[in-house]
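Asker:
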Amino acid sequence: MYAIIETGGKQLRVAKGDTVSVERLPGSEGDSVVFDRVLALRRDDGELVLGNPVIEGARATGRIVSEAKSKKVIVFKYKSKVNYRRKRGHRQIGTRVLIEDIVAG
Numbered sequence: 007m008y009a010i011i012e013t014g015g016k017q018l019r020v021a022k023g024d025t026v027s028v029e030r031l032p033g034s035e036g037d038s039v040v041f042d043r044v045l046a047l048r049r050d051d052g053e054l055v056l057g058n059p060v061i062e063g064a065r066a067t068g069r070i071v072s073e074a075k076s077k078k079v080i081v082f083k084y085k086s087k088v089n090y091r092r093k094r095g096h097r098q099i100g101t102r103v104l105i106e107d108i109v110a111g
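The opening residue of the sequence shown carries number 7 in this note's numbering; numbering runs sequentially from there.
#1: Can you say whether L23 is buried or exposed, counting buried as having 16 or more other CB atoms within 10 angstroms of its CB?
#2: Output the boundary residues of the beta strand (DSSP E) element that contains G95.
#3: Assess contact between the segment 90 to 108 and the segment 28 to 46, defined as three or more Cβ pairs (one per stretch) separated by less than 8 angstroms. Is contact present?
#4: Who are the Cβ neighbours of M7 in its own chain at under 8 angstroms, not counting the five residues just before and after it?
#5: Counting C-beta neighbours from all protein chains within 10 Å, is the total for I99 16 or more, i.e. buried, or is it exposed?
#6: For the beta strand (DSSP E) containing E29, name the first residue and the last one.
And the structure:
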């Protein structure tokens with residue numbers, strides 16, 4: 007069974023036992039997390055259930071494994087002929103979550 011969940015403005019395909027990276031979530035390592043915005047669900051018998059926009063009562067639960075910074079994104083501004091150059095870097099903090107269970111609504 008797998009589910010399509012929405013968190014942090016992104017959609018992710020998750021299954022039981024998967025470890026996924028999501029936008030930073032409140033809580034510390036070992037805390038439980040519930041994703042209740044389930045957009046689609048594929049059951050073990052092959053049936054696909056689609057939400058409108060979400061499936062009522064369906065949820066995916068997980069546990070926070072760690073917090074880590076992503077790879078650095080470089081922002082470089084440049085204007086020709088005037089010696090204008092600006093280089094900035096940004097590292098977004100994300101949360102790693104282990105999916106423990108998926109419950110169909």
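By construction, the Cβ of each residue, glycine as well, lies at the ideal position given by its N, Cα and C atoms.
Answerer: On the basis of the supplied data:
#1: The sequence shown places Gly at residue 23, not Leu. Classification of G23: exposed, given that the 10 Å Cβ count is below 16.
#2: Here the beta strand (DSSP E) through G95 covers 90 to 96.
#3: The count of Cβ pairs closer than 8 angstroms, one atom from the segment 90 to 108 and one from the segment 28 to 46, reaches three, so the stretches are in contact.
#4: Within the same chain, A21, K22, L47, R48, R49, D50, I108, A110 come within 8 angstroms of M7 by CB-CB distance, once the 5 residues on both sides are set aside.
#5: It counts as exposed.
#6: Here the beta strand (DSSP E) through E29 covers 25 to 29.
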